[in-house]
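Worksheet: the structure to be examined is printed underneath.
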Amino acid sequence: MVNPYGEFKLHITPSGIFYPHTVCVIGNGVVINPPVLISEIDQLSQRGIDTSRLFISDRAHLIMPYHILLDGLEEELRGGKAIGTTRKGVGPAFTDKTARLGIRTGDLLDKEVLRERIQFILEYKNVILTKIHGLTPLSLDEIYSDYCRYAERLAPFIRDTAIMVEEALTREEMVLLEGAQGSLLDPDFGSYPYTTSSSPLAGGGCLGAGISPNRINRILGVFKAYCTRVGSGPMPTELKDEA
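The sequence shown begins at 1 in UniProt numbering and counts up one residue at a time.
Printed below as a string of C-alpha coordinates:
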(Lines of atoms letter the chains of each structure in order from A; the text may use other names.)
(Lines give C-alpha, C1' and ligand atoms only; values in the text may rest on other atoms or scores of the structure.)
Protein backbone atom coordinates (compact mmCIF):
# COMPACT_ATOMS: atom_id res chain seq x y z
CA MET A 1 0.00 0.00 0.00
CA VAL A 2 1.42 3.38 -1.05
CA ASN A 3 -0.04 6.67 0.16
CA PRO A 4 1.19 10.13 1.23
CA TYR A 5 2.57 8.60 4.45
CA GLY A 6 4.81 6.22 2.51
CA GLU A 7 4.76 2.52 1.63
CA PHE A 8 3.14 0.03 4.01
CA LYS A 9 2.64 -3.74 4.10
CA LEU A 10 -0.10 -4.25 6.66
CA HIS A 11 -1.42 -7.74 7.44
CA ILE A 12 -3.72 -7.07 10.39
CA THR A 13 -4.36 -3.34 10.79
CA PRO A 14 -7.39 -2.02 8.82
CA SER A 15 -6.44 0.21 5.90
CA GLY A 16 -8.84 2.85 7.23
CA ILE A 17 -6.19 3.78 9.79
CA PHE A 18 -4.78 6.21 7.20
CA TYR A 19 -7.94 8.34 7.32
CA PRO A 20 -7.94 10.58 10.44
CA HIS A 21 -11.75 10.67 10.73
CA THR A 22 -12.15 6.89 11.02
CA VAL A 23 -12.35 4.54 14.00
CA CYS A 24 -10.75 1.22 13.10
CA VAL A 25 -11.71 -2.17 14.52
CA ILE A 26 -9.98 -5.53 14.27
CA GLY A 27 -12.97 -7.82 14.61
CA ASN A 28 -13.55 -11.07 16.44
CA GLY A 29 -13.19 -13.03 13.18
CA VAL A 30 -9.49 -12.20 12.89
CA VAL A 31 -6.64 -14.28 14.30
CA ILE A 32 -3.83 -12.07 15.57
CA ASN A 33 -0.11 -12.66 15.83
CA PRO A 34 0.73 -10.16 18.63
CA PRO A 35 4.33 -9.29 17.65
CA VAL A 36 3.24 -8.69 14.05
CA LEU A 37 0.42 -6.37 15.13
CA ILE A 38 2.68 -4.53 17.57
CA SER A 39 5.23 -4.04 14.78
CA GLU A 40 2.52 -2.58 12.53
CA ILE A 41 1.34 -0.23 15.28
CA ASP A 42 4.92 0.95 15.87
CA GLN A 43 5.49 1.45 12.15
CA LEU A 44 2.34 3.55 11.85
CA SER A 45 3.16 5.63 14.93
CA GLN A 46 6.66 6.33 13.64
CA ARG A 47 5.13 7.72 10.43
CA GLY A 48 2.94 10.11 12.43
CA ILE A 49 -0.31 8.15 12.17
CA ASP A 50 -2.63 8.26 15.20
CA THR A 51 -3.14 4.66 16.37
CA SER A 52 -5.36 5.59 19.32
CA ARG A 53 -8.28 5.15 16.88
CA LEU A 54 -7.52 1.43 16.61
CA PHE A 55 -9.46 -1.12 18.67
CA ILE A 56 -9.15 -4.92 18.93
CA SER A 57 -12.01 -7.28 19.68
CA ASP A 58 -11.61 -9.08 22.99
CA ARG A 59 -12.96 -12.16 21.19
CA ALA A 60 -10.28 -12.28 18.49
CA HIS A 61 -8.06 -15.35 18.80
CA LEU A 62 -4.28 -15.25 19.14
CA ILE A 63 -1.69 -17.04 17.05
CA MET A 64 0.66 -18.83 19.44
CA PRO A 65 4.22 -20.13 18.82
CA TYR A 66 3.00 -23.72 18.54
CA HIS A 67 0.55 -22.70 15.80
CA ILE A 68 3.39 -21.46 13.61
CA LEU A 69 5.48 -24.54 14.36
CA LEU A 70 2.66 -26.99 13.66
CA ASP A 71 1.68 -25.14 10.47
CA GLY A 72 5.06 -25.92 8.94
CA LEU A 73 5.18 -29.48 10.25
CA GLU A 74 1.73 -30.33 8.89
CA GLU A 75 2.63 -28.94 5.47
CA GLU A 76 5.74 -31.13 5.37
CA LEU A 77 3.71 -34.21 6.30
CA ARG A 78 1.37 -33.57 3.37
CA GLY A 79 4.31 -33.87 1.00
CA GLY A 80 3.21 -33.51 -2.62
CA LYS A 81 -0.33 -32.69 -1.50
CA ALA A 82 0.68 -29.66 0.54
CA ILE A 83 -1.85 -26.83 0.53
CA GLY A 84 0.79 -24.14 0.23
CA THR A 85 -0.05 -22.23 3.38
CA THR A 86 1.91 -19.16 4.40
CA ARG A 87 3.12 -21.13 7.47
CA LYS A 88 2.23 -18.23 9.72
CA GLY A 89 0.03 -20.29 12.02
CA VAL A 90 -3.32 -19.05 10.76
CA GLY A 91 -4.81 -22.46 9.96
CA PRO A 92 -3.86 -24.11 13.27
CA ALA A 93 -5.14 -21.04 15.16
CA PHE A 94 -8.55 -21.41 13.52
CA THR A 95 -8.43 -25.16 14.22
CA ASP A 96 -7.95 -24.44 17.92
CA LYS A 97 -10.73 -21.87 17.84
CA THR A 98 -13.15 -24.53 16.63
CA ALA A 99 -11.73 -27.14 19.01
CA ARG A 100 -12.16 -24.71 21.93
CA LEU A 101 -8.43 -24.72 22.58
CA GLY A 102 -7.85 -21.11 21.59
CA ILE A 103 -6.53 -18.15 23.54
CA ARG A 104 -8.32 -14.86 22.93
CA THR A 105 -7.12 -11.28 23.22
CA GLY A 106 -9.42 -10.83 26.21
CA ASP A 107 -7.31 -13.43 28.05
CA LEU A 108 -4.37 -11.02 27.85
CA LEU A 109 -6.15 -8.73 30.31
CA ASP A 110 -5.92 -11.24 33.18
CA LYS A 111 -2.42 -12.67 33.68
CA GLU A 112 -3.62 -15.46 35.96
CA VAL A 113 -6.20 -16.61 33.43
CA LEU A 114 -3.63 -16.25 30.65
CA ARG A 115 -1.12 -18.53 32.39
CA GLU A 116 -3.78 -21.12 33.17
CA ARG A 117 -4.94 -21.18 29.55
CA ILE A 118 -1.41 -21.46 28.15
CA GLN A 119 -0.47 -24.18 30.64
CA PHE A 120 -3.56 -26.27 29.89
CA ILE A 121 -3.21 -26.02 26.10
CA LEU A 122 0.59 -26.36 26.05
CA GLU A 123 0.43 -29.73 27.82
CA TYR A 124 -1.66 -30.99 24.92
CA LYS A 125 0.47 -29.34 22.22
CA ASN A 126 3.74 -30.60 23.69
CA VAL A 127 2.46 -34.18 23.48
CA ILE A 128 1.95 -33.66 19.74
CA LEU A 129 5.34 -32.00 19.30
CA THR A 130 7.30 -34.61 21.27
CA LYS A 131 5.43 -37.88 20.62
CA ILE A 132 4.47 -37.35 16.98
CA HIS A 133 7.13 -35.00 15.63
CA GLY A 134 10.01 -35.87 17.98
CA LEU A 135 10.71 -32.26 18.89
CA THR A 136 11.69 -30.57 22.14
CA PRO A 137 8.70 -29.37 24.20
CA LEU A 138 7.96 -25.65 24.27
CA SER A 139 8.53 -23.73 27.50
CA LEU A 140 5.51 -22.49 29.44
CA ASP A 141 7.54 -19.78 31.18
CA GLU A 142 8.98 -18.42 27.93
CA ILE A 143 5.63 -18.25 26.15
CA TYR A 144 3.90 -16.77 29.19
CA SER A 145 6.63 -14.13 29.59
CA ASP A 146 6.42 -13.14 25.92
CA TYR A 147 2.62 -12.86 25.94
CA CYS A 148 2.65 -10.82 29.15
CA ARG A 149 4.84 -8.32 27.31
CA TYR A 150 2.46 -8.34 24.37
CA ALA A 151 -0.43 -7.83 26.78
CA GLU A 152 1.11 -4.64 28.15
CA ARG A 153 1.33 -3.20 24.63
CA LEU A 154 -2.07 -4.32 23.37
CA ALA A 155 -4.26 -3.92 26.47
CA PRO A 156 -5.16 -0.25 25.71
CA PHE A 157 -6.61 -1.31 22.34
CA ILE A 158 -8.76 -4.25 23.51
CA ARG A 159 -12.52 -3.67 23.71
CA ASP A 160 -15.86 -5.38 23.20
CA THR A 161 -15.88 -4.13 19.63
CA ALA A 162 -19.20 -5.77 18.72
CA ILE A 163 -20.90 -3.25 21.00
CA MET A 164 -18.88 -0.42 19.46
CA VAL A 165 -19.95 -1.36 15.94
CA GLU A 166 -23.59 -1.87 16.92
CA GLU A 167 -23.69 1.52 18.65
CA ALA A 168 -22.18 3.18 15.57
CA LEU A 169 -24.86 1.58 13.39
CA THR A 170 -27.57 2.72 15.80
CA ARG A 171 -26.25 6.27 15.45
CA GLU A 172 -26.53 5.74 11.67
CA GLU A 173 -22.82 6.27 11.15
CA MET A 174 -21.11 4.84 8.08
CA VAL A 175 -19.62 1.43 8.87
CA LEU A 176 -17.42 -0.30 6.29
CA LEU A 177 -16.44 -3.96 6.76
CA GLU A 178 -13.11 -4.73 5.10
CA GLY A 179 -12.53 -8.32 4.05
CA ALA A 180 -9.63 -10.06 2.38
CA GLN A 181 -9.02 -12.98 0.01
CA GLY A 182 -11.20 -14.28 -2.80
CA SER A 183 -14.43 -16.24 -3.03
CA LEU A 184 -12.69 -19.39 -4.24
CA LEU A 185 -10.83 -19.56 -0.92
CA ASP A 186 -14.07 -20.00 1.01
CA PRO A 187 -13.91 -23.36 2.89
CA ASP A 188 -17.47 -24.26 1.81
CA PHE A 189 -17.84 -22.78 -1.68
CA GLY A 190 -14.21 -22.50 -2.75
CA SER A 191 -11.71 -24.93 -4.28
CA TYR A 192 -11.60 -27.16 -1.18
CA PRO A 193 -9.22 -28.31 0.28
CA TYR A 194 -7.09 -25.52 -1.20
CA THR A 195 -8.93 -22.88 0.78
CA THR A 196 -8.44 -20.55 3.70
CA SER A 197 -9.73 -21.14 7.24
CA SER A 198 -12.56 -18.61 7.46
CA SER A 199 -15.20 -17.36 5.05
CA PRO A 200 -14.08 -14.45 2.84
CA LEU A 201 -17.62 -14.09 1.43
CA ALA A 202 -19.74 -11.04 2.21
CA GLY A 203 -21.81 -13.02 4.70
CA GLY A 204 -18.67 -13.80 6.69
CA GLY A 205 -18.42 -10.12 7.57
CA CYS A 206 -21.43 -10.40 9.87
CA LEU A 207 -19.80 -13.13 11.94
CA GLY A 208 -16.39 -11.50 11.78
CA ALA A 209 -17.66 -8.18 13.11
CA GLY A 210 -20.50 -9.37 15.34
CA ILE A 211 -23.42 -7.70 13.58
CA SER A 212 -26.78 -8.91 12.30
CA PRO A 213 -27.11 -9.76 8.57
CA ASN A 214 -29.93 -7.23 8.23
CA ARG A 215 -27.39 -4.49 8.99
CA ILE A 216 -25.73 -5.06 5.60
CA ASN A 217 -27.24 -2.72 3.02
CA ARG A 218 -24.56 -2.63 0.33
CA ILE A 219 -21.91 -5.08 -0.87
CA LEU A 220 -18.92 -4.13 -3.02
CA GLY A 221 -16.97 -6.83 -4.85
CA VAL A 222 -13.38 -6.24 -5.95
CA PHE A 223 -12.07 -7.94 -9.09
CA LYS A 224 -8.44 -8.24 -10.16
CA ALA A 225 -7.44 -7.89 -13.78
CA TYR A 226 -6.41 -11.56 -13.61
CA CYS A 227 -6.63 -14.29 -10.96
CA THR A 228 -3.74 -14.97 -8.61
CA ARG A 229 -3.29 -17.63 -5.94
CA VAL A 230 -0.92 -18.01 -3.00
CA GLY A 231 0.11 -21.63 -2.60
CA SER A 232 -1.19 -24.75 -4.28
CA GLY A 233 -4.58 -25.44 -5.82
CA PRO A 234 -6.39 -25.18 -9.15
CA MET A 235 -6.61 -22.04 -11.24
CA PRO A 236 -9.59 -21.19 -13.50
CA THR A 237 -7.10 -19.89 -16.05
CA GLU A 238 -3.33 -19.82 -16.05
CA LEU A 239 -0.82 -17.70 -17.94
CA LYS A 240 2.32 -19.66 -18.71
CA ASP A 241 4.06 -17.18 -20.95
CA GLU A 242 6.82 -14.88 -19.74
CA ALA A 243 5.84 -11.87 -17.66
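Ideal placement from N, C-alpha and C gives every residue a C-beta, glycine not left out.
Which of helix, strand or coil DSSP assigns to residue i
| i | result |
| --- | --- |
| Arg-218 | coil |
| Leu-62 | strand |
| Val-175 | coil |
| Ser-57 | strand |
| Arg-159 | strand |
| Gly-6 | strand |
| Val-36 | helix |
| Arg-104 | strand |
| Cys-24 | strand |
| Val-31 | strand |
| Asp-237 | Position check: residue 237 holds Thr in this sequence, whereas Asp was assumed. Note: Thr-237 maps to coil in three-state DSSP. |
| His-11 | coil |
Exposure of residue i, with buried meaning 16 or more beta-carbon neighbours within 10 Å
| i | result |
| --- | --- |
| Asp-107 | buried |
| Cys-227 | exposed |
| residue 245 | Outside the modelled stretch of the chain, which goes from 1 to 243, sits residue 245, for which no answer is possible. |
| Gly-6 | exposed |
| Ala-225 | exposed |
| Val-127 | exposed |
| Asp-188 | exposed |
| Val-113 | exposed |
| Thr-237 | exposed |
| Gly-208 | buried |
| Val-31 | buried |
| Arg-100 | exposed |
| Asp-96 | buried |
| Arg-117 | buried |
Proximal residues to residue i (C-beta, below 7 Å), its chain only, five neighbours per side dropped
| i | result |
| --- | --- |
| Arg-153 | Ile-38 |
| Met-164 | Val-25, Phe-55 |
Own chain partners of residue i with C-beta closer than 6 Å, once the 5 adjacent residues on each side are dropped
| i | result |
| --- | --- |
| Asn-33 | Ile-63 |
| Gln-181 | Thr-196, Pro-200 |
| Lys-125 | Tyr-66 |
Sequence-distant residues of its chain with Cβ nearer than 8 Å to residue i (five each side left out)
| i | result |
| --- | --- |
| Ile-49 | Tyr-5, Ile-17, Phe-18 |
| residue 252 | Shown here, the chain extends from 1 to 243; a query on residue 252 therefore has no answer. |
Supposed contact pair residue j and residue i - C-beta distance, whole angstroms, cut 8 Å
| i | j | result |
| --- | --- | --- |
| Ile-26 | Pro-14 | 7 Å |
| Leu-138 | Leu-122 | 6 Å |
| said: Pairs of beta-carbons, one from the stretch 188-204 and one from the stretch 144-161, closer than 8 Å: are there three or more? | reply: Cβ pair count under 8 Å is below three, so no.
#### Entry: At least 3 beta-carbon pairs within less than 8 Å: the stretch 131-150 vs the stretch 166-184
no
Is the stretch 90-104 in contact with the stretch 51-68, if contact means three or more CB pairs nearer than 8 Å? yes
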